[in-house]
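Enquirer: I am attaching a structure below and will ask some questions about it afterwards.
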Amino acid sequence: LLVRYNELDHALDDVSISIKSIRTLQQQPTDELNQFILQCQSKDRELTQHRHELQRLRQRIREISPELHPDDIDQLMQKLNVLEIQWTDAERIIRTLIDNLTKKRSEYHDFENKCKRLIEWFEHFLNTEINHRIDGLTLEASLDILKTEIRNLISDKRRSVNDLVIAARVLQRHITDQLQLQTLKQQIDRLEQILNRTEKHVEKRIKKTEIVLKMFHDFEQGLENLRSWMMDTIETNLQKSLSINTLNSNELRAHQQSIITIEGDIEKHTTIVSSVLALGHYLLSEIDIRSRNINSIPRTIQSIEQRWTSLKDLIRKRKVELDTQHVSWKNVEDAIKRASKMITDHERFLNEVKRTCGQGLQGVKNEYKTLENFKRTLDNDEKDIQQITDNYSEIIRNHPTADSTGEIRSKIKEINTRWEILIGTVHQTMKNLKYMLSVHGDFQL
2 LLVRYNELDH
12 ALDDVSISIK
22 SIRTLQQQPT
32 DELNQFILQC
42 QSKDRELTQH
52 RHELQRLRQR
62 IREISPELHP
72 DDIDQLMQKL
82 NVLEIQWTDA
92 ERIIRTLIDN
102 LTKKRSEYHD
112 FENKCKRLIE
122 WFEHFLNTEI
132 NHRIDGLTLE
142 ASLDILKTEI
152 RNLISDKRRS
162 VNDLVIAARV
172 LQRHITDQLQ
182 LQTLKQQIDR
192 LEQILNRTEK
202 HVEKRIKKTE
212 IVLKMFHDFE
222 QGLENLRSWM
232 MDTIETNLQK
242 SLSINTLNSN
252 ELRAHQQSII
262 TIEGDIEKHT
272 TIVSSVLALG
282 HYLLSEIDIR
292 SRNINSIPRT
302 IQSIEQRWTS
312 LKDLIRKRKV
322 ELDTQHVSWK
332 NVEDAIKRAS
342 KMITDHERFL
352 NEVKRTCGQG
362 LQGVKNEYKT
372 LENFKRTLDN
382 DEKDIQQITD
392 NYSEIIRNHP
402 TADSTGEIRS
412 KIKEINTRWE
422 ILIGTVHQTM
432 KNLKYMLSVH
442 GDFQL
């Protein structure tokens, strides 16, 4: 009987130890949250599976109660009743603990998912969406959307970020895992950084759009002024059909003065035209601003450049007409003198190239590069040489007997001969240098 009593007492003690192990779980750190939840769930299943142990012990106590002293029975029953209360309390504790831990895990996962979605949204917004919202619109419409719709959108996202920051602070108070805490802090830092970067990007985009819009208005105003000036005061006057041969001396002098005035006006507007065109090209270079306003600029620039070129050609034509009427060779002779001096300067430069470029292979390279640049200068100067012949031909066509002695024609022929010799010398020298470089494998096309 004593053995049976002791067995019951020990069995009750074992149950008490199992219950105490449940209470111990409350004091354990929850660093490995998932693992700890699994441990709690295992304990919960263990309690459920061993619930019948209390009924079995009660039954055994009843079976031996007739043989025991009443005090011993009362002691065992009292101990059993206490254990039943503790068992029920342990079940409640473990399930509450599981619920709280599961809720904490769910809150953490919810935070992670929201944080990830927000970061992905900001990245997509910066890389793609902001451009999709305003590309193809006018500058005015783009600026309005940036200042209202997009600013409001980012403000909403900032509120979402602030809510997540608050949620993170709550989570931090319940997390003991240092690695998890560090990860949480990094996520919040990254989220706040990309939010700040997005806000700065939007404000920078607004500022840039405002600047480009003002530049576009300046460009349009400059274009309008140029068109008005070209059409009303310049092109109209230059395109008037005048028969110079029918003008008397006073009318001719007045016409000459008019052409001189217009030429001076064109010269003064050269800087203005250059500024307007430069403004247009700058607007085209702004690759971040893809506005509908900008799309028309290439055609506008091309139109202005063509009209400007035609205008300068027209003033040259009118000047030639006046020079031809006077059958004056002054301009031609001045041009011949300038061309002669230019050719002399070029010949002197050509003679100095070899001496100044150094010796050896590097000297050959330097000489070839210098002649390459020099050839481009010659290509540009050739227009002036050709213009002399063109002007002479125009005068002779209108006045066949003007150069009856052939003096001017002889001078032009001499200029052309010297020019051809100069061009030929440069060409042959470059050909020789190219051959020498190719022998050394250093010539690159």
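Take 2 as the starting number for the sequence shown in our numbering and just add one per residue.
We treat Cβ as the ideally placed atom computed from N, Cα and C, and that holds for glycine.
Here the structure is a predicted model, which is why all the values come from computation and not from measurement.
From 112, 209, 122, pick the residue whose C-alpha is nearest to that of residue 148; which is it?
Expert: Checking every option, the nearest Cα to that of residue 148 belongs to 209.
Enquirer: Quick one: Cα of residue 347 to Cα of residue 353, how far?
Expert: Rounded to whole angstroms, residue 347 to residue 353 spans 10 Å at the Cα level.
Enquirer: Do you know whose CA, among 377, 169, 409, lies nearest residue 113's CA?
Expert: The candidate whose alpha carbon is nearest that of residue 113 is 169.
Enquirer: Taking DSSP as the reference, what is the three-state secondary structure of residue 358?
Expert: The answer is coil: DSSP assigns residue 358 none of H, G, I, E or B.
Enquirer: What would DSSP say about residue 297, mapped onto helix, strand or coil?
Expert: If DSSP states are grouped into helix, strand and coil, residue 297 belongs with coil.
Enquirer: Helix, strand or coil, according to DSSP, for residue 139 in the structure here?
Expert: Coil, per DSSP.
Enquirer: Enumerate in chain order the residues of its own chain whose CB-to-CB distance from residue 172 is below 7 Å, with the five nearest sequence positions on each side excluded.
Expert: So the list reads 108, 109, 112, 185, once near-sequence residues are dropped.
Enquirer: Thinking C-alpha only, which one of 207, 439, 378 is nearest residue 1?
Expert: Only positions 2 to 446 of the chain appear in this structure, which leaves residue 1 out of reach.
Enquirer: Output needed for residue 259: all residues of its chain with C-beta closer than 8 Å, excluding positions within five of it in sequence on either side, in chain order.
Expert: Result list for residue 259: 238, in chain order.
Enquirer: Once DSSP output is grouped into helix, strand and coil, what is the label at residue 407?
Expert: Looking at residue 407 - three-state DSSP - the assignment turns out to be coil, as it is neither helix nor strand.
Enquirer: According to DSSP, is residue 287 part of a helix, a strand, or is it coil?
Expert: Note: residue 287 maps to coil in three-state DSSP.
Enquirer: Mapping DSSP to helix, strand and coil, what is residue 202?
Expert: Helix.
Enquirer: Pick helix, strand or coil for residue 125, following the three-state DSSP scheme.
Expert: Reduced to three states, the DSSP call for residue 125 is helix.
Enquirer: Sort 136, 344, 92, 203 by Cα distance to residue 417 and report the nearest one.
Expert: The residue with the shortest Cα to Cα distance from residue 417 is 344.
Enquirer: Write down the C-beta distance between residue 312 and residue 213 rounded to the nearest angstrom, noting that I regard them as a contact closer than 8 Å.
Expert: So it is not a contact: roughly 29 Å between Cβ atoms.
Enquirer: Assuming residue 120 and residue 192 form a contact by the criterion Cβ under 8 Å, report the distance between their Cβ atoms to the nearest whole angstrom.
Expert: Indeed they touch by this definition, with Cβ atoms about 6 Å apart.
Enquirer: For residue 350, does the count of other Cβ atoms within 10 angstroms reach 16, so buried, or fall short, so exposed?
Expert: It is exposed - the Cβ of residue 350 has fewer than 16 other Cβ atoms within 10 Å.
Enquirer: Say whether the region 355 to 369 touches the region 431 to 441, bearing in mind that this needs 3 or more beta-carbon pairs closer than 8 Å, one atom from each stretch.
Expert: Enough Cβ pairs lie closer than 8 Å, so yes.
Enquirer: Do residue 266 and residue 305 come within 8 Å of each other at the CB atom, strictly closer than that value?
Expert: No.
Enquirer: In three-state DSSP terms, what is residue 441?
Expert: Three-state result, residue 441: coil.
Enquirer: Measuring alpha carbon to alpha carbon, tell me which residue in 105, 231, 95, 78 is nearest residue 465.
Expert: Residue 465 cannot be examined here, being either before or after the span of the chain that is shown, 2 to 446.
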